[in-house]
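Single-structure report; data block below.
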Ligand SMILES: [Zn+2]
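Residue numbers (the working numbering): 915 to 1253.
Okay, here's the thing in structure tokens:
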């Protein structure tokens, strides 16, 4: 059984619990954190929630020397060797963490950052916002998480001394000497990249429940999420820019189910009752069993969308990128653990 440095672990667990409780930084099982001790990389286990770091052991020790050898040989799809016997699987992003030279690495889908990363002109936007920040950063184009993303990050780092790597249509990776340094950099980023919110329009009260076929749909109790159905400008984005980053499509599927009215939902809710439905000008409804993991992903999407100004052109993921995410065993495993 591997043991870790108590003080380092305590500081990291404290950060994970706090960041994990902030939906603008971490959503559900998304995001991951690691630290390196000699030849061991401690990495968050796939499917676990950073918010639960203080209650349960979410970290797996893996053989760091093995991963570094694999990176040196260009074998980015090498499987990490877990050193413990916890039965937990190391994060999909273990290779990415191992190739960052920093002792502590944090990867999050921070909303203020993500809102920039889904725009067509994301690189220009970052350049303008971070010009005077003093942060050394690199940006990599969208790649499927895992081996392809790790390879792209390795290439970006080879040409630049960067402690922050922005991932198009995905999130940010921050490396530092310790967790305090990483947390300070994260705070600089979320402040420099903060987005004004689209003003909310008043909405009429929506029915708490909709009976449609054999399914009773419940109105989601989240005022920001409800704006996706009741505000035409936001709804237009939902209809044409639904898949903006990987966790969204993995948890919420490749299409938004938008219906004109409650009758249309009742008609549709036969054999293929959608789990989540956007009823135009009425509200956002979910079938029983719509999980907490899906609720936090939906809130994340709404948080990203209300941070777009009318002139922002977004860059959704394409059909082949979506297909690669949905037909992937690693994600099926993560979904099987979701709550
Ligand atoms: Zn990610």
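All C-beta atoms in this analysis are idealised placements derived from N, C-alpha and C, irrespective of residue type, glycine included. In this text, all values refer to a predicted model and were calculated from it rather than measured experimentally.
Task: Distance between residue 1088 and residue 1048 (C-alpha atoms, nearest Å) - done: As a first step, residue 1048 is located in the chain shown; it is residue number 134 there, counting from the start. As a first step, residue 1088 is located in the chain shown; it is residue number 174 there, counting from the start. Approximately 14 Å between the Cα atoms of the pair.
Task: Cβ-based burial, residue 1176 [other Cβ within 10 Å; buried from 16] - done: Reading the chain shown from its first residue, position 262 is the one you call residue 1176. Result: buried.
Open item on the list: Considering only DSSP beta bridges, list what residue 922 is partnered with.
Closed with: Numbered from its first residue, the chain shown carries residue 922 at position 8. DSSP, once it has assigned bridges, lists no residue as partnering residue 922.
Open item on the list: Just to check my reading of the structure: residue 855 and residue 1187 have Cβ atoms closer than 8 Å, yes? What is that Cβ distance to the nearest angstrom?
Closed with: What is shown of the chain runs 915 to 1253, which leaves residue 855 out entirely.
Open item on the list: Please tell me whether, using a cut-off of 7 Å, the distance from the CB of residue 1084 to the nearest non-hydrogen atom of ligand 1 is below it.
Closed with: In the chain shown, residue 1084 corresponds to position 170, counting from 1. Residue 1084 Cβ: within cutoff of ligand 1.
Task: Paired residues, beta bridge with residue 1033 - DSSP - done: Within the chain shown, the letter at position 119 stands for residue 1033. Looking at the DSSP assignment, residue 1033 forms a beta bridge with 1228.
- [ ] Could you tell me whether any non-hydrogen atom of ligand 3 is closer than 7 Å to the CB of residue 1021?
- [x] Of the ligands this structure carries, namely ligand 1, none is ligand 3.
Task: Assigned exposure category for residue 1154 - 16 Cβ within 10 Å defines buried - done: As a position in the chain shown, residue 1154 is number 240, starting the count at 1. Exposed.
Task: Proximity winner among 934, 990, 951, relative to residue 921 (alpha-carbon distances) - done: If you number the chain shown from 1, residue 921 lands on position 7. The candidate whose alpha carbon is nearest that of residue 921 is 951.
Open item on the list: Can you list, in chain order, the residues of its chain with a C-beta nearer than 6 Å to that of residue 1134? Leave out the 5 residues immediately preceding and following it.
Closed with: Mapped onto the chain shown, residue 1134 falls at position 220. For residue 1134, same chain residues with a beta-carbon under 6 Å away, outside a window of 5 residues either side, are 1198, 1200 in chain order.
Open item on the list: For ligand 1, is there any heavy atom lying closer than 7 Å to the beta carbon of residue 944?
Closed with: Sequence index remark: in the chain shown, residue 944 carries index 30 (1-based). Result yes, Cβ under 7 Å from ligand 1.
Task: Counted within 10 angstroms of its Cβ, other Cβ atoms place residue 1065 as buried (16 or more) or exposed - done: The residue you call residue 1065 lines up with position 151 of the chain shown. Result: buried.
- [ ] Using only the heavy atoms of ligand 1, determine whether one of them is closer than 7 Å to the beta carbon of residue 1059.
- [x] Reading the chain shown from its first residue, position 145 is the one you call residue 1059. Yes, the Cβ of residue 1059 comes within 7 Å of a heavy atom of ligand 1.
- [ ] Tell whether a beta-carbon distance below 8 Å holds between residue 1218 and residue 1019.
- [x] What you label residue 1218 is simply residue 304 of the chain shown in a count that begins at 1. What you label residue 1019 is simply residue 105 of the chain shown in a count that begins at 1. Their beta carbons are not under 8 Å apart, which means residue 1218 does not touch residue 1019 by this criterion.
Open item on the list: What would DSSP say about residue 1107, mapped onto helix, strand or coil?
Closed with: Counted from its first residue, the chain shown places residue 1107 at position 193. In the structure shown, residue 1107 sits in coil (DSSP, three-state: anything other than H, G, I, E or B).
Task: Exposure label - residue 1122; buried when at least 16 CB within 10 Å - done: Residue numbering aside, residue 1122 sits at position 208 when the chain shown is read from its first letter. So residue 1122 ends up on the exposed side.
Open item on the list: With H, G and I counted as helix, E and B as strand and the rest as coil, what does DSSP make of residue 1199?
Closed with: Here the question's residue 1199 lines up with position 285 in the chain shown. The answer is strand: DSSP assigns residue 1199 an E or B state.
Task: residue 1052 - containing beta strand (DSSP E), residue span - done: On the chain shown, position 138 is the one that residue 1052 refers to. Where residue 1052 is concerned, the enclosing beta strand (DSSP E) stretches over 1051 to 1054.
Open item on the list: DSSP three-state label for residue 1215, please.
Closed with: To locate residue 1215, count along the chain shown from 1; it is residue 301. Helix.
Open item on the list: Count Cβ pairs between the region 969 to 987 and the region 941 to 961 that sit closer than 8 Å; are there 3 or more?
Closed with: Contact holds between the region 969 to 987 and the region 941 to 961, because three or more Cβ pairs, one in each stretch, are under 8 Å apart.
- [ ] Would you please state the rounded distance, in angstroms, between the beta carbons of residue 1207 and residue 943? I believe it to be under 8 Å.
- [x] Here the question's residue 1207 lines up with position 293 in the chain shown. Here the question's residue 943 lines up with position 29 in the chain shown. Sure, about 6 Å apart at Cβ, within 8 Å.
Task: Own chain residues within Cβ distance below 6 Å of residue 1130, not counting five before or after - done: Start at 1 with the first residue of the chain shown, and residue 1130 comes out as number 216. Closer than 6 Å at the Cβ level, and outside the excluded window around residue 1130, lie 1123.
Task: Alpha carbon of residue 1102 to alpha carbon of residue 1108, nearest angstrom - done: In the chain shown, counting from the first residue as 1, residue 1102 sits at position 188. In the chain shown, counting from the first residue as 1, residue 1108 sits at position 194. Using only the alpha carbons, I get a separation of about 10 Å.
TODO: Compute the beta-carbon to beta-carbon distance between residue 1204 and residue 1172, rounded to the nearest angstrom, for a pair I have assumed lies under 8 Å.
DONE: As a position in the chain shown, residue 1204 is number 290, starting the count at 1. As a position in the chain shown, residue 1172 is number 258, starting the count at 1. In this structure residue 1204 is not in contact with residue 1172, their Cβ atoms being roughly 17 Å apart against a cut-off of 8 Å.
Task: Neighbourhood of residue 1236 by C-beta distance below 7 Å, restricted to the same chain and skipping five residues each side - done: Residue mapping note: residue 1236 aligns to position 322 of the chain shown, counting from 1. If we look at residue 1236 and ignore the five residues flanking it on each side, its Cβ neighbours are 1157, 1163, 1168.
- [ ] Within its chain, find whatever has a CB closer than 6 Å to the CB of residue 946; leave out the 5 residues flanking it on each side and keep chain order.
- [x] For the purposes of this step, residue 946 is taken as residue 32 along the chain shown, with counting starting at 1. Correct list, in chain order: 958, 1005, 1007, 1021.
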